[in-house]
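>
Protein chains: 2
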Amino acid sequence: MPPVGSQKQVAICCRAAIFPAQELLSLPRKPMASRNRPAPLSSPIQATLDELLRHFRKDRRGEVATYIPELGKANPEWFGICVVTADGAVYEAGDTGQAFTIQSISKPFTYGIALEDNGTRAVLDKIWVEPTGEAFNSISLDPATGRPLNPMINAGAIATTGLVEGRTAAQKMNRLLEVFSRYTGRPMAIDRSVYQSESETGHRNRAIAHMLRNFNIFQEDPIPSLEAYFMQCSILVTCRDLGIMAATLANGGLNPVTGTRAVVAEYVENMLSVMGSCGMYDAAGEWIYNVGMPAKSGVAGGILAVLPGQLGIGVFSPRLDSHGNSVRGIEVCRELSRRFSLHMFHTTRPGRSVIRHTGTGGQTTSNRLRPEDEAALLHKHGGRIALLEIQGELLFSTAEIVIRRALQEAARAGYVILDFRHVPASDLVAAGLLRELASGLIRAGKHPVFSGTRHLPLLAKVCKKELPPADFERLTWIADLDLALEHCENQLIQAHTELRHSGHLATFAECDLVKGLKADEIRLLEALLENRSFRKGQDILRAGDSSMDVYFLIQGKASAWLDAGEGAAKRVATFTPGMVFGEMALLDQSRRSARVTADTDLECRLLPPAALKQVASEHPRIMMRLLHNLSKLLAARLRKANAELSALYQ
Amino acid sequence: MPPVGSQKQVAICCRAAIFPAQELLSLPRKPMASRNRPAPLSSPIQATLDELLRHFRKDRRGEVATYIPELGKANPEWFGICVVTADGAVYEAGDTGQAFTIQSISKPFTYGIALEDNGTRAVLDKIWVEPTGEAFNSISLDPATGRPLNPMINAGAIATTGLVEGRTAAQKMNRLLEVFSRYTGRPMAIDRSVYQSESETGHRNRAIAHMLRNFNIFQEDPIPSLEAYFMQCSILVTCRDLGIMAATLANGGLNPVTGTRAVVAEYVENMLSVMGSCGMYDAAGEWIYNVGMPAKSGVAGGILAVLPGQLGIGVFSPRLDSHGNSVRGIEVCRELSRRFSLHMFHTTRPGRSVIRHTGTGGQTTSNRLRPEDEAALLHKHGGRIALLEIQGELLFSTAEIVIRRALQEAARAGYVILDFRHVPASDLVAAGLLRELASGLIRAGKHPVFSGTRHLPLLAKVCKKELPPADFERLTWIADLDLALEHCENQLIQAHTELRHSGHLATFAECDLVKGLKADEIRLLEALLENRSFRKGQDILRAGDSSMDVYFLIQGKASAWLDAGEGAAKRVATFTPGMVFGEMALLDQSRRSARVTADTDLECRLLPPAALKQVASEHPRIMMRLLHNLSKLLAARLRKANAELSALYQ
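As they're listed, the protein sequences go chains S and W.
Going by our numbering, the residue at position 489 of the first sequence is 509; the numbering climbs one at a time, nothing skipped.
Going by our numbering, the residue at position 247 of the second sequence is 267; the numbering climbs one at a time, nothing skipped.
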């Protein structure tokens, strides 16, 4: 039991109580699925990591850090490489489960916590963000204000830890360990003996802390923060942890393996910026030039590098070069960057794939089946409906393309549907620009429709908050693209004709299926029909039913639905008076394939199977005409489906 | 006429002869389409630029540079803002056509030329890439080697110009102006009086040049390079030029407005790296932190900033702050970055949209119509065919996801189709990884198929060069996704049964359309048929024909084609023995909608319209059965089309 008395020692005891002392440097290796399963198919990426491990294992340059004895105990041969993608795939090779102390790699993460706890402005007041061009342990305070030049040098890092919530070292460490656990996805602890050594031998850092107090960067006793800083450097991590922490930054602060948010997205840019400009000590320029990834190293042999939006890298090997960076770690980062072109300025152009598909209401129609006159009208005027399917994440540059295309389309179209089903996320800027687009379209007398936005609540929120209520009313929000299309079609038809609506009453003779029959044939057939009424919401047919009636819709509206899995249903057709459903009964005795539900109270005539049989045997000419009409209906639907398919396959 | 005699003066005369002296600072304003057309619909991005122009016009801080008299002649009120996207959309506000001298903004572009002319290694030997933390005119040479610390300070820039091809200033300027013209898309010229002033008063730069000679950075007379450097700084640009130059870097070196390549893609990363770490003189860290775009400014009042992969910005206003940067230029960049979140670390995650669609041969089938037994077989075993449609640019992180998904699919599938139609570009790394994927699939006994790669010659080249010939043979390349699907289907069917191939001979009774007819009905119908033979490649039907025969295919293979525009045709169906085509003649007298061509020599039976009429009137039961079978065929095709549509619309 260490002597108790100073605040510092109390702090240690607190930590030891909350986070069980971890005396061994080696954590039990976590079982990894990828190792337990046979892998007949192998990934070329895994093969590259394995090869780099073999190759750089031979590099025995450098020395293990010995400025505190605990670090000197590391096995100089330890070597691990871990690459984690922004969507959470983990590739690893070598000693990726070996624990070691995080040391300076903690600095950007603590900086993120200080930003969350104080905001950017307050943090910049205490710690500036200019590279020093000097070594990591230089004091580098602004001569006038005493403000440390950046948070990656020790002076800046100690001041940063001072800004973490908590008055005592223990309180600050609680906060730090809780956040670090979100970055790694497992409970974190410190190596107590490393911490004690750091604290006992950290005279230079103690001098820096007092210098910061002298300049009023610390307005109170700096020692609790200094002790928390020593503890923070003693947090035990593995190479796999570093990979996941890096990938969390690459993924905008969301841990891609656990799905937990580790830091507010807006601060990730700041963290990466200081890593980019000040992370690699006195070689920041060369590092960005040749490796091109914001990175941070620690004297226990860890290196962490981030390719924003794409992936994170963790490397661990204890032998250090004269700058205090892991020799193999640096080499592996260089080689990974070279082999895989992992440079932050080697980017995709996200604008090139943001438009998934464009079309018009003439090429793509809703699943509502239309009587011939309406279908002809849509064929002729469908170009007035413009459809833009968008995909990928929306930020300024991708939203700009959406807006530009939407404005182009709006020049000829009156209805502009933007479909967001394939947009996984939108930032605030893109939401604001889309709101302005909608507003502009409305002012120009156009009809904007946003579909598939349910998973993008920010967009609706921004529009609701910032559009004048009258404009918000005129922006149509529809859950489903098919319903959005139908909405625009209805508007278009209504603008040209009296829409054939559900209140409309058809006679049996007007039904599509009996077209071309003579009056006496119709009378003959009509005599065989039964009348049937349904209430709104009632099921008329169910999938799997073996009833084989053919339904002629006289009044009201009905829709056919397919099971879309997970309790959801997808509308595949909507019927209005004069249309027929259940017509496949004319062909065979198979079961119903879809559910048909009454959208309104409705009236139909029903041709039962026995009557159908009678028609086929006694009145082959009537049956021939029914089959002829059925073939024409099917051919028309097939033409439409093929046209849509070929538009999608363009 | 200036006195001639020194090499320097000769050089000037050369320049004057080749590039007509441009004595006026103002170029004629180029007509811009966006200004001439009425704009009933307005872009919110344009509105923001207009607003920023109005707002920052009020900022009159700073002083116009006067270290040479010519710069002092600038109107301090000039103010232009230009944003150009990576796909070439130009937004501009204010004095974007006003010409001014490029000054230090030339440095990164000349650096790119030096890289093209010498390679990275030779350039780094002469000029290093570390920020200095000092002002732009500091000499900053490495004390040991004399190597300038980076190419953005004057010493480094003069050494860079020395590395541009050409022995004389004139030769170097020819090269520079030619490349700068590719960046701007218009012929470039220098302002001769500014150049003369710069040269006459450039004592400090002359001292630097001699110091570089002293350290053997120049191994010969540095004066031609120094003069070329002065001229390079005197190149006349407009704010619009700066925007397009910046967008060219954002677009990987390809001018997005003209489509001309200005610099080899691999050097763009280097240019942006030195702009990022050393571009904004002594405030690089703060600039990256708060603005987050590699940038460069010039003392005539220009600023250029690049958001890689996304856009470029040019701002121009002559009043400078104490660092020599345009006051309004800095403010506009800060504000654009703030409003639109334009930070290089605020990125999309390109991996989130790289998989456009996945499916199996059970969900999506080729346009080859299959007899029932084959269709059933495909329905049952189609899961053995995996289909991945890929989209967006391929580089490491997107290719990694493609590979990961392909390996997942290959665990259950034998055939893996990767379709590249929607991939606009692939880098060398992605091509290499895909080659390794193919190789691994083949080793695991799988059948990889690459479709739609015609526009990606690099991929085929890498595979051909680096795969063992035996493996390359087993990797199937097919132009079209539909043909790729058919290929895999054929393989699958062949593996399970004897494929119904073109050598197969059907009898008329086996034809799909006559199923269910009695033997005497078939004999009756057969008596009405005519025999017809076609040679391979011969057209059987043409779109628009009014012939109304129904064809029963007895032997051989035929395909139906639709005109896909631009002389191309798209296969919509393939027929094998026992199938029928031209069957719509049963329904109506409309014209043929597709061309049908013999894929092999073939035999058919043909039912002429007169015979059909006779059947309808004299044998309604036969006609009823034909229509019944037709409806079933159409219904089956419709089901298939709808299944594909709903898979695509997931």
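We treat Cβ as the ideally placed atom computed from N, Cα and C, and that holds for glycine.
How is W/S54 classed by DSSP in three states: helix, strand or coil?
Residue placement at W/S54 cannot be trusted, given a pLDDT of 43 that sits under 50; the coordinates are not used to answer.
> Whole angstroms is fine: what's the gap from W/K316's alpha carbon to S/D211's?
46 angstroms
> Just checking my contact of W/T130 with W/Q252 at CB under 8 angstroms: how many whole Å lie between their CB atoms?
6 angstroms
> Which residues in the same chain have their Cβ closer than 8 angstroms to the Cβ of S/N95, if we skip the five residues on either side of it in sequence?
P338
> Interface residues of chain W around S/G695 at Cβ under 7 angstroms?
One cannot answer for residue 695 of chain S here, as it falls past the ends of chain S, which runs 21 to 670.
> According to a CB-to-CB cut-off of less than 8 angstroms, which residues of the stretch 343 to 371 of chain W neighbour chain S?
R359, F360, S361, L362, H363, M364, F365, H366, T367, T368, R369, P370, G371
> Three or more C-beta pairs under 8 angstroms: does that hold for the stretch 434 to 443 of chain W against the stretch 404 to 419 of chain W?
Pairwise C-beta distances place the stretch 434 to 443 of chain W in contact with the stretch 404 to 419 of chain W, as three or more of them are shorter than 8 angstroms.
> Just to confirm before moving on: does the CB-CB distance between W/I560 and W/A618 stay below 8 angstroms?
yes
> Starting from S/Y571, follow the beta strand (DSSP E) in both directions and report where the run begins and ends.
570 to 575
> What residue does the beta strand (DSSP E) around S/P468 start on, and which one ends it?
Per DSSP, S/P468 belongs to the beta strand (DSSP E) from 467 to 471.
> Have a look at W/G403 and W/T385 and give me their C-alpha separation to the nearest angstrom.
11 angstroms
> What would DSSP say about W/A59, mapped onto helix, strand or coil?
At W/A59, the pLDDT of 37 sits below 50, so the modelled position is not reliable; the number obtained from the coordinates is stated separately. DSSP places W/A59 in coil when its eight states are reduced to three.
> Tell me which same chain residues have a C-beta within less than 6 angstroms of the C-beta of W/E530, skipping the five on either side of it?
G598
> With a threshold of 8 angstroms between beta carbons, is S/K146 in contact with chain W?
no
> Rounded to the nearest angstrom, how far is the Cβ of W/D569 from that of W/A605, given a contact under 8 angstroms?
7 angstroms
> Return no unless some Cβ of chain S is closer than 8 angstroms to the Cβ of W/Q216.
no
> Taking beta-carbon pairs under 8 angstroms, can you tell me which members of the stretch 105 to 118 of chain W lie near chain S?
Here the close residues are T105, A106, D107, A109.
> Are W/E550 and W/L626 touching if we call contact CB-CB under 8 angstroms?
yes
> Determine, using beta carbons only, whether W/M52 comes closer than 8 angstroms to chain S.
At W/M52, the pLDDT of 41 sits below 50, so the modelled position is not reliable; the number obtained from the coordinates is stated separately. Judged by the 8 angstroms Cβ criterion, W/M52 is not in contact with chain S.
> Could you check if W/P163 is buried or exposed, using at least 16 other CB atoms within 10 Å of its CB as the buried criterion?
exposed
> Might you give, ordered along the chain, the residues of its own chain that have their beta carbon closer than 6 angstroms to the beta carbon of W/L582, omitting 5 neighbours on each side?
K590, V592, A614
> Ordered along the chain, which non-local residues of its own chain (more than five positions away) have a Cβ less than 7 angstroms from that of S/E218?
I88, F250, C253, S254
> Using the C-alpha atoms, what's the distance from W/K93 back to W/E77?
The residue you asked about is not Glu; residue 77 of chain W is Arg in the sequence shown. Between W/R77 and W/K93, the C-alpha separation is close to 19 angstroms.
> May I have the straight-line CA-CA distance separating W/E413 from S/Y309, to the nearest angstrom?
If you take the alpha carbons of W/E413 and S/Y309, they lie about 23 angstroms apart.
> On the three-state DSSP scale, how would you describe W/R615?
strand
> Span of the alpha helix (DSSP H) holding W/F416?
416 to 430
> Check whether chain W comes within 8 angstroms of S/M568, counting only Cβ atoms and requiring the distance to be less than that.
no
> Given a cut-off of 8 angstroms on the beta-carbon distance, is the pair W/H639 and W/L544 in contact?
yes
> With 16 as the cutoff for other CB atoms within 10 Å, does S/N345 come out buried or exposed?
buried
> Work out the CA separation of W/A177 and W/K127 for me, nearest whole Å.
6 angstroms
> Run through DSSP, which three-state label would W/T180 get?
Note: W/T180 maps to helix in three-state DSSP.
> Please report the distance separating the alpha-carbon of W/D393 from that of W/H399.
10 angstroms
> From the DSSP output, in three-state form, read off W/S651 for me.
helix
> Straight-line CA distance for S/E90 to S/L262?
21 angstroms
> Identify which residue in S/P444, S/E493, S/T221 has its Cα closest to the Cα of W/S373.
S/P444
> Where does S/Q118 fall in DSSP's three states?
strand
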